[in-house]
Amino acid sequence: MPKLIPVPDSLSKPFWDAVNQRRLALQHCAQCDRLQYPPQQACQVCNSPAGLTWKEVEGRGHIATYIVIEDGRLNRRMPDQPYNLAMVTLDADPRVNFYSNLPGTPPYKAPVGAAVEVTFEEVAPDQLIHEWRVVA
Amino acid sequence: MTAPDRYQWRRDKDGLGVWEHRGKVAVAGVGHSPVDRRWDGVSMDKTLGAYSILACRKAMDEAGVSPEQIEGVICCDSHIAGGSGGSASQWAPRPYFAPPYDSEWGLTLVNAQWLIEEMRLRNVKFAPTGVPTISEMVGMAAQAVGDGLCHTCLVIYPTGNLEGRYRRGGENADDYARGARQWTAPWGNHGGNDFINIFPHGQYCLKYGGKHDDLAPFVVNQHRNGLLTPWGYNATHQVPQLTTEDYVNSRYILNPLRLWDCDRPVNASAAYLFTTTERARDMRQSPVYVLNHSQHNFRKRSTQEDLDEIEDWTDRAAKRMYEGAGLGPKDVDIFNPYDGYAPMAQFFLEGFQWHGVKRGDAFAFYAGDIRVEGPHPFCSSGGNLGNGRTRTAMYTDSIEQLRRTAGARQVRVRAETALAAFTTPSSGGWIMFGKSPG
């Protein structure tokens, strides 16, 4: 079913451009050696934009916890209910996390603690989003 | 009649020390309108404007203050079901009524300027615009009175609820996710305090043991306290007492978040009268003193705040508040944290270590005696869960407990200090009241 379509802006365009090429690229601060997601104008640690670059990361993570949306407020997602919404931590830096509907995992059946890998899903022509699939 | 530019009123940093106006500011009046589910669209005596005027008059009457004595008006102009995702965005324009209801102002929107004109408050010299919600308004009022920007100040918090399902309009009806929502909405997070807390709550259950429905005793007790609150929605609408069975059988919203973990949106207004301790001595009510106010606005590291962050933030908020009030956990008699979604109260309870509750102990604490008659009268207000989404019960109850006018909710334990908040773990504010200024 249709998901909401992200609208890239000047800050997020490099991220979405990478996603549309089926790559996961996050901001990285060279001064602090920290990844950050979602993208921001400056490094969250040193507060400087100077060291920020885009760095491709390995799309591997783990499910920290999850909920099942049974009565959400987003019109476009109503037909999907109930659906999983997991919080996925990135293996490369568990302080970075993502949302995922865990495609392929039935609602209520998300294995907390399980390994996941990134996948990409089309939400509109020429627009992918990053999703996470449980590693078999 | 505005605030000075860039007025620095917040106490939102670590290590600020004891508040310079500790005990020099008081609350001398409280007023509540009736609490309705919605405005019916026709009754002019039940608009958000009419209810706000009524609440102000009650607060002024309680203190024995005339309109000429009001020098400050602080009113939040964001009324919960507002433009960001709310049905309000689809409400106006529409046919209006005779003045003063010839625009949206007064019907479903209220601000300081509208109130000043309608109530003919001629001596107001402090009426800031763009003020935040009740969590920060009370701090702003306390600081403004302490700083001498005004001596007698009304704080008004209107909460509207329009027709249609709550927050199903606006950007929640959009097919696109813009701005910060591009990182959340595609996957189903519509934004809000429910999402802020439900994931850390899941981590909490994993880390400390326990299950979601261990919240039942707390939620049931909130409803009980609500039924003991004469002005609240539950008490005035004969809502039956919630039972544990009702709770554990209620439907899920964001599983495991249940229907009864959520508050009921309402149409209501409340007002508080802040003044100097000196002036309060001559007013009708025994004053309740402000011992500190503090704010916080913590930035999450990534998409979703996690348990570690929430625990760190609530620890820091507690430290700020205690430091500024010159008090510690053992000194707080009444504790009224925000409960707009049930799974957040445990973070505040443990962060502030009220009655010695440490990290991971909240569910066991809830299973004990938390009734107002008992030794641990947690959230004696009934909060939002027990009274409707007014976001003001925590403040009113705290004041009434110290005055010993809480009626059936009056606690049996000592009631000389009270801590109240409408806040999320990430942003908002706290206020400490004292029965005495020292």
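For the protein sequence lines, the chains are Y and Z, in the order given. Following the numbering used here, the numbering of the first sequence begins with 1 at its first residue and continues without gaps. Following the numbering used here, the numbering of the second sequence begins with 1001 at its first residue and continues without gaps. C-beta: ideal position from N, C-alpha, C; glycine also. Quantities reported herein were computed from a predicted structural model and do not represent experimental measurements.
Buried or exposed for residue i, going by 16 or more other Cβ atoms inside 10 Å?
i	result
residue 1306/Z	buried
residue 1309/Z	buried
residue 1423/Z	buried
residue 1194/Z	buried
residue 1129/Z	exposed
residue 1014/Z	exposed
residue 1373/Z	exposed
Leaving out five residues on either side along the sequence, give the residues of the same chain with a beta carbon under 6 Å from the beta carbon of residue i.
i	result
residue 90/Y	61 and 96
residue 29/Y	43, 51 and 52
residue 1077/Z	1111
residue 1360/Z	1208
residue 2/Y	76
residue 87/Y	64, 65 and 97
residue 1351/Z	1314, 1315 and 1318
If you draw a straight line from the C-alpha of residue i to the C-alpha of residue j, how long is it?
i	j	result
residue 1041/Z	residue 1254/Z	31 Å
residue 1393/Z	residue 1356/Z	24 Å
residue 1106/Z	residue 1047/Z	7 Å
residue 1364/Z	residue 1381/Z	21 Å
residue 1085/Z	residue 1414/Z	With a pLDDT of 44 at residue 1085/Z, under the threshold of 50, the modelled position of that residue is not reliable, and the figure given next carries that caveat. Whole-angstrom Cα-Cα distance: 43 Å.
residue 1017/Z	residue 1326/Z	8 Å
residue 1438/Z	residue 1067/Z	30 Å
residue 1236/Z	residue 1409/Z	16 Å
residue 1087/Z	residue 85/Y	Low local confidence applies: a pLDDT of 45 at residue 1087/Z is under 50, so the model's placement there is unreliable, and no value is given.
residue 1227/Z	residue 1387/Z	8 Å
residue 1311/Z	residue 1403/Z	33 Å
residue 1208/Z	residue 1358/Z	11 Å
residue 1170/Z	residue 1182/Z	15 Å
residue 1210/Z	residue 1329/Z	25 Å
residue 1362/Z	residue 1379/Z	13 Å
residue 1234/Z	residue 1269/Z	16 Å
residue 1070/Z	residue 1154/Z	7 Å
residue 1322/Z	residue 1419/Z	10 Å
residue 1074/Z	residue 1272/Z	10 Å
residue 1206/Z	residue 1232/Z	35 Å
residue 45/Y	residue 118/Y	26 Å
residue 1032/Z	residue 1008/Z	29 Å
residue 974/Z	residue 1368/Z	Nothing can be reported for residue 974/Z, as the shown portion of chain Z is limited to 1001 through 1438.
As a quick exercise: from the options, pick the residue whose alpha carbon is nearest that of residue i.
i	options	result
residue 36/Y	22/Y, 83/Y, 93/Y and 111/Y	93/Y
residue 1335/Z	1148/Z, 1065/Z, 1349/Z and 1325/Z	1349/Z
residue 58/Y	8/Y, 13/Y, 19/Y and 108/Y	19/Y
residue 1303/Z	26/Y, 99/Y and 45/Y	99/Y
residue 1201/Z	1190/Z, 1215/Z, 1189/Z and 1279/Z	1215/Z
residue 1219/Z	1261/Z, 1158/Z, 1129/Z and 1390/Z	1261/Z
residue 120/Y	1187/Z, 1385/Z and 1006/Z	1187/Z
residue 1114/Z	1135/Z, 1158/Z and 1150/Z	1158/Z
residue 1522/Z	1263/Z, 1056/Z, 1030/Z and 1178/Z	With chain Z running from 1001 to 1438 in the structure shown, residue 1522/Z is simply not present.
First and last residue of the beta strand (DSSP E) that includes residue i?
i	result
residue 100/Y	93-100
residue 1062/Z	Run containing residue 1062/Z: none in the beta strand (DSSP E); it sits in the alpha helix (DSSP H), 1048-1063.
residue 1366/Z	Segment 1362-1366 is the alpha helix (DSSP H) holding residue 1366/Z; no beta strand (DSSP E) there.
residue 34/Y	34-36
residue 1070/Z	Segment: none, residue 1070/Z is in no beta strand (DSSP E) and carries neither H nor E.
residue 52/Y	52-56
residue 1309/Z	Careful: residue 1309/Z lies outside any beta strand (DSSP E), inside the alpha helix (DSSP H) at 1307-1325.
residue 1255/Z	1252-1255
Would you kindly report the start and end of the unbroken alpha helix (DSSP H) that includes residue i?
i	result
residue 1245/Z	1244-1248
residue 1346/Z	1345-1351
residue 1145/Z	1134-1147
residue 1297/Z	That residue, residue 1297/Z, is in no alpha helix (DSSP H); its beta strand (DSSP E) goes 1288-1297.
residue 1172/Z	Here residue 1172/Z belongs to no alpha helix (DSSP H), and DSSP marks it neither H nor E.
Quick one: residues in its chain with C-beta nearer than 8 Å to the C-beta of residue i, no 5 flanking neighbours on either side, listed in chain order?
i	result
residue 1198/Z	1254, 1256, 1257, 1341 and 1343
residue 1142/Z	1021, 1025, 1274, 1290, 1293 and 1431
residue 104/Y	133 and 134
Starting from the C-beta of residue i, find all residues in its chain whose C-beta is less than 7 Å away, skip the five residues before and the five after it, and write them out in chain order.
i	result
residue 1277/Z	1023, 1024, 1025, 1026, 1287, 1289 and 1437
residue 110/Y	63, 66, 84, 86 and 102
For the ligand ZN, is there any heavy atom lying closer than 7 Å to the beta carbon of residue i?
i	result
residue 1373/Z	This structure lacks the ligand ZN, and indeed carries no ligand of any kind.
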